[in-house]
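Colleague: Provided herewith is a single structure, encoded as structure tokens, for subsequent inquiry.
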Amino acid sequence: MDEHMVASQLVQPTADAVPVEEHLAQPPLAGESPFTRQLHGLWDQQAVIGPAHIERLLTVYTWYLEGRYVPFHDECREVVLGNDFWLWEGAIIHRWRDYILDGVDVDFVVVTPAPPSGTEIAEVHIIVYQNIAAFEHPSLITSFDNGVLRGAPYTTAALLPAAVTKFDILRCMGKDRVCPPERPDSACSCWYGDREIRDGERFANRHGYSFCLFIQRSLPDNFWEDDMSIIEGEIDATDFLQRSARKQFKQNIDFEPSHEANLSTPWTGCGPFSPENLKECGMATCYNILGQRQCQRNISFQFMHHNKDLGRMPGEAPTTMPTTPSSLQASEGNYVSLYLDIGMREEDMEEDIVCLMASLCLQPVMVIWSDDLAIPIATATAQGLLPRLAELAAELQRLRTAYHGMLRKTLRLAVDEQVTTQQLLDRARVVDVRVRIAIDRLAYARRVFQVGVLPARPKGDLSDMIDLWQRDALPWKSLLKRGLNRHRLQEELMTEVHAAHHSSLAILRSGGATFSPDESQVFGGDRIEIAHLCHCGRAFTTPQGLALHRRVRHGEHAPEFPYVNGATCPACLKFLWTSNRLAMHLAYVPRNGGVNACFAKLSKAGITCSHEAQAAPAGFGQTIRMDCIQAAGPLQPLRAQHEIALEKVLEELFNTEQELQSYSRPDDEIALGMKIGETLTQGTQAWMRKFCGKQLGPEPDLIDWWLNVLHTAGEEYADWAALVFQEWGTHLLPELVAEAMDGEVEYVLDELYAEAVNLLPREALLARRRQLLQLRQRYEDEAAAPEVPHRAVKKGTANVKERLSTKQQVPSTFLDQGHWHMTFREIQWRDLPREAYVPYIVEQNGKPCFIIAHLFSGRRRKEDFHWWLQHYATEYDIDLCILSLDTAISQSSGDLHRSAPSWRRLEQCYSLGLIAASLLGTPCETFSQARYTPAPADCQRRWPRPLRSAEFLFGLPGLSIRELLQTQLGTGFALQGLEVICHHLARGGLVVSEHPAAPADLERPTIWRAGLTELLLRHPDVRLQTICQYEWGAHSVKPTGLLGLRVPGLIGALRTAVIPHVRKPQQAAIGCDEAGAFRTALLKEYPPRLCQGLAWAFIKHLRAAQRGGRTRAVSREAILMEAGEIFGWMVEVAEAGMTIRSDASFLPDHQPRTTGI
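Residues in the sequence shown are numbered from 1 upward in steps of one, following full-length UniProt numbering.
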């Protein structure tokens, strides 16, 4: 049997084909298919399409353009046209690929036009041919046959030549039987893919499309072509095809029972159309034509090319490659002309140039990509050419590179100025090219989404269809613009979040801090785009450039460098031929996230060796391919350093405990102890009276007097006397201080007692014991900690398949913020910042001047924080420069938005280490728990809704543009406050940050549970405490969190201003008052008593630092040379904050800014 006669394996055709006229008596074969019903149900839901749908479709189209298989959201209803299931006007075309029938790979195309009432002709064509891959064989036509199946003609086609004509194909399909000469009103056309084959044309058969023959009868006089819309496929229709394939074939063909098993699993075969390959590439479909929802009895066809409105003619041959190179060359030429004409002469036209560049230079190439990208993907999918998609990804990357180059030149970025891709797009206020292409396709398909598939036409004209098509449906352009703006705002917000966290860690590193794991180890440089910065200030575009700079300029090498001595691994004793290969052996990290056993063993043991390079022997150029050789000899007994150190610590700790327990006691220790305590009390009281009266005179130092009293017990009882002194200081000394009612005496006695205790020999042992306990805990934690790889595990670039699936991904950093935040929490302290003292500036009269900044201070009023600071400064003769910054004080110098000049000046002050103390009152409007309270039943105004959650701390999905702007502003202010704390940690000074207390519900948002805040709270000098403001005069309870840096006595200072015998108020802080105003607005300002307590806390700790020698002077001359204008700005801010305006209104947290949207 001829291998090409595959039709005989299905049916046995009759000897003579039945004339077409005899087919009219057969029942109609067409009807409403399940797919049509599903599609009809999709468009019935068009009324619920909104910005959220557009935002989802934006991501969907972007993924589709990358050739990825996407599990779609329920809003899309998982229904789409596929390139294996077509709807035409008056016909349904089914196409099934990769069937294995009796060991032969065959494909089927079934064309089913339904005969209308009153007409004479209806055809059902079943085209059966061998697998598409067979078309690569340049053989000639060997055989063809025609017949009738269940009253419908069928055609079997065998191999076709590499170059054919329309006559060859029509003869193969039997044109003389289907379109007899006696029916001149019939129209016959032959199509190859999306191309009509014209008479006399000879073309190459390379793409493997099917050949389809279409008969047009009773053509309408005026077919409405302009509004025939096309939608390119989004979702794989494989599941539906599996269900409908068996049903449709059984209806049209009388299969033998032996063939049922083959049809039961039509998609299990191997080859280019297996489910694995289809899911890898994505079911990219190109030739999808929307027709009627129901198959009416009409056999007139009209082929509408899916790209007709984007510049391609229907008769044009399909291409396997977009015209990107030539289009890019033309676009770059247009941009050069545009930039030379406008850009180089105008300094303030960056935004206009970007718009002109998008419309004049990039629009042609964008249209080509949105038009042509689907064709090559579908061609590669149909032929199983997976590497073809890699070329398409390279072309898209080439387009992106040119696009970014134009943006950099338009924004006039310096050659060495390093910005991330997202920062570049944000500064130009544009989106990525993939998003731009998706928007173009969505804009093109607006009528499809509004109206859907064309309805049935009970009449013979197009009146109903025209009315339906022209009706007003959705504001499509505004929905697209709103969805695009939302997408851009979300990505811009997360870019600022990533940059703020990166900046905060960089500030801490500048103060000497290190982290384990570091930022680069946690994120691997993939999820967060960070600039490749060196600690010396240089920036590089690639990590390789940064590594080379560090090696040449700073002598910093890779972590494996200390263990490379020759070509033999010190851990496993394998000879690897060259030192470079040994470095690769130690640098390897398993794909499953495990550790490199050799590197882990060497690093834990702390073994280092002098580096020695070893090259391959002469004639062994391919040593990378040669197997390693196991060297003889036993492995080194390498022990982890922390195990050895733990043994030493345990031994020393045991000896210290024994020494602390062995001391001599007197026989009458109770009586002698009481006598020593009374002597200490009487002498201390006498000293306190003279100190308060300023009459110290020739009295001896109190510490020396205390030690002399202890020596009266004898040298052999020195340790016992030290215990008596500590008990006396713990229980009796606080009572003496309380009786004095003098804050200065309290501070001085505390300092003297602490100094005296440190001079005792026993205290040195106790301090050493505490250190040993900490070391023991540290080494035990190191031993119990899971091993982590010393290099980041790079996924997605190991092989061609992974690079293909990950290179062109467009992840949403906004939706991925929960995972990013959880990953950031892995960063821990390794080395704390160096100890820094409180800075001050020496005035011309020689006195120190402390600069205190109050951020988000609100309006100036009597007895506010600024007022009390001035009061205490005058009382204690301290020079202060107070900077109260808020837009309620000055719209220019008080603007703390990150882009405002005043914030840049203030950040410069922090970088130079000029600020001695800061009080932060970052706005809490977007974090407020009041947003979780439902609106009252009779509420007639717009009620605020939650903007954040614990998982989505930087903004919930689905927020409006206005809510996104509010969230962006509030997030920026909160992160700026954390940056200020990092500045003080690295450069010295005091900080108190106020924000609402953390809620009990862990699902609700709070800045105190942010990853960066949790990292700061693990610093020993940072402490978070909670107070209730009603104790200081607030009208409601208002729980408040206070984060203090280097202010251990914060609560004690605040308690000095508490209102005595205050009662807890019953009034709620959430809701509206009788006038309809929100109660939370009245509680933004601190009560006067709380301002007094905060001011006293700062004054108290500044004086303590000054007396304790924990201050440092800042050279005025050095500051003038580096930033001479900074003092003028501080004087301007200080003068603006001097005036009290009691009648001034405080502004809300959300103040509209120019966003360019």
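In this text, a Cβ means the ideal position worked out from N, Cα and C, and glycines have one as well. This structure is a prediction, so every number in the text was calculated from the model and none was measured.
List the whole-angstrom C-beta distance separating H897 from G1137, where the pair is believed to meet the contact cut-off of C-beta under 8 Å.
Modeller: Between G1137 and H897 the Cβ distance is about 18 Å, and since that is not below 8 Å, they are no contact.
Colleague: Skipping 5 residues on each side, what residues in its chain have a beta carbon closer than 8 Å to that of A631?
Modeller: Around A631: T568, L573, K574, F575.
Colleague: If I measure Cβ to Cβ from Q828 and keep anything under 7 Å in the same chain, skipping five residues before and after, which residues do I get?
Modeller: Counting only Cβ-Cβ distances below 7 Å, and skipping sequence neighbours, we find F515, S516.
Colleague: Look up N565 in the DSSP assignment and give the residues it is bridged to.
Modeller: Bridge partners of N565: E612.
Colleague: G1041 to R591, Cα distance in whole Å?
Modeller: Rounded to the nearest angstrom, the two C-alpha atoms are 44 Å apart.
Colleague: Assuming C598 is part of the alpha helix (DSSP H), what are its boundary residues?
Modeller: First-last of the alpha helix (DSSP H) with C598: 597-605.
Colleague: If you count every other CB in all the chains shown that lies within 10 Å of the CB of R689, and 16 or more means buried, which is it?
Modeller: Its Cβ having fewer than 16 others within 10 Å, R689 is exposed.
Colleague: DSSP on H995, reduced to helix/strand/coil?
Modeller: H995 falls in the strand class under three-state DSSP.
Colleague: Looking only at its chain, what residues have a beta carbon closer than 7 Å to the beta carbon of T1056, apart from the 5 residues adjacent to it on each side?
Modeller: Within the same chain, T1056 has close Cβ partners G1093, W1096.
Colleague: Examine the Cβ distances between the stretch 940-948 and the stretch 870-877 and report whether three or more of them are shorter than 8 Å.
Modeller: Counting Cβ pairs under 8 Å, fewer than three are found: no touch.
Colleague: Would a C-beta distance cut-off of 8 Å place L959 and A500 closer than the cut-off?
Modeller: Result no, Cβ atoms of L959 and A500 do not sit closer than 8 Å.
Colleague: Considering Cα atoms alone, identify which of L425, A513, S503, I644 is closest to H532.
Modeller: Minimum Cα distance to H532 is reached at S503.
Colleague: Please state whether the Cβ-Cβ distance between G729 and Y753 is less than 8 Å.
Modeller: Contact: yes.
Colleague: For I981 versus L1016, is the C-beta spacing smaller than 8 Å?
Modeller: Yes. Within cutoff.
Colleague: Helix, strand or coil, according to DSSP, for S890 in the structure here?
Modeller: If DSSP states are grouped into helix, strand and coil, S890 belongs with coil.
Colleague: With Y872 as the anchor, note down where its alpha helix (DSSP H) starts and where it stops.
Modeller: Per DSSP, Y872 belongs to the alpha helix (DSSP H) from 865-875.
Colleague: Nearest to R904 by CA position, among I1126, G512, F850, is which residue?
Modeller: Checked all of I1126, G512, F850; the closest Cα to R904 is I1126.
Colleague: Using beta-carbon positions only, say whether V589 and V793 come within less than 8 Å of one another.
Modeller: Yes. Within cutoff.
Colleague: Following the continuous alpha helix (DSSP H) through Q1067, name the residue where it begins and the one where it ends.
Modeller: Run containing Q1067: none; DSSP gives neither H nor E here.
Colleague: For the beta strand (DSSP E) that D879 lies in, which residues bound it at each end?
Modeller: Its beta strand (DSSP E) spans residues 879-885.
Colleague: Indicate whether I1119 and L912 have their beta-carbon atoms separated by less than 8 Å.
Modeller: Yes, they are a contact pair.
Colleague: Which residues in the same chain as R1112 place their Cβ atom closer than 6 Å to its Cβ, once the five residues preceding and following it in sequence are excluded?
Modeller: Y837, P839.
Colleague: Answer yes if the stretch 415-435 comes into contact with the stretch 482-491, meaning at least three C-beta pairs across the two stretches below 8 Å, and no otherwise.
Modeller: The stretch 482-491 vs the stretch 415-435: in contact.
Colleague: Between Y663, W705, G673, which lies nearest to G683 when the distance is taken from Cα to Cα?
Modeller: Closest by alpha carbon: W705.
Colleague: What's the C-alpha gap between D864 and G405?
Modeller: Cα to Cα, D864 sits roughly 52 Å from G405.
Colleague: Compare the Cα-Cα distances from E780 to each of V745, A640, D668, L707 and report the closest residue.
Modeller: The shortest C-alpha separation from E780 is found at A640.
Colleague: Just to confirm the assignment, what range does the alpha helix (DSSP H) spanning residue 1218 have?
Modeller: Because the chain in this structure spans residues 1 to 1157, residue 1218 falls outside the shown range and cannot be described.
Colleague: Identify whether R830 lies in helix, strand or coil by the three-state DSSP scheme.
Modeller: Three-state result, R830: strand.
Colleague: Is it a yes or a no for the stretch 881-900 touching the stretch 846-860, going by three-plus beta-carbon pairs under 8 Å?
Modeller: In short, these stretches touch, since the Cβ pair count reaches three.
Colleague: In chain order, what residues of the same chain have a beta carbon less than 7 Å from the beta carbon of G846, not counting five sequence neighbours either side?
Modeller: None.
Colleague: Taking DSSP as the reference, what is the three-state secondary structure of K862?
Modeller: If DSSP states are grouped into helix, strand and coil, K862 belongs with coil.
Colleague: Kindly identify the DSSP beta-bridge partner or partners of P848.
Modeller: P848 is bridged to V842.
Colleague: How would you label P833, buried or exposed, when you count the other beta carbons within 10 angstroms and need 16 or more for buried?
Modeller: Classification of P833: buried, given that the 10 Å Cβ count is 16 or more.
Colleague: What separation, rounded to the nearest whole angstrom, lies between the Cα atoms of A583 and R791?
Modeller: Answer to the nearest angstrom: the Cα atoms are 13 Å apart.
Colleague: Note down the Cα distance separating E961 from R948, rounded to an integer number of angstroms.
Modeller: The question names Glu, yet the displayed sequence has Ile at residue 961. Going from the Cα of I961 to the Cα of R948 covers about 15 Å.
Colleague: Counting only the same chain and skipping the five closest in sequence on each side, list residues whose C-beta sits under 8 Å from that of T681.
Modeller: W728, L732, L736, listed in sequence order.
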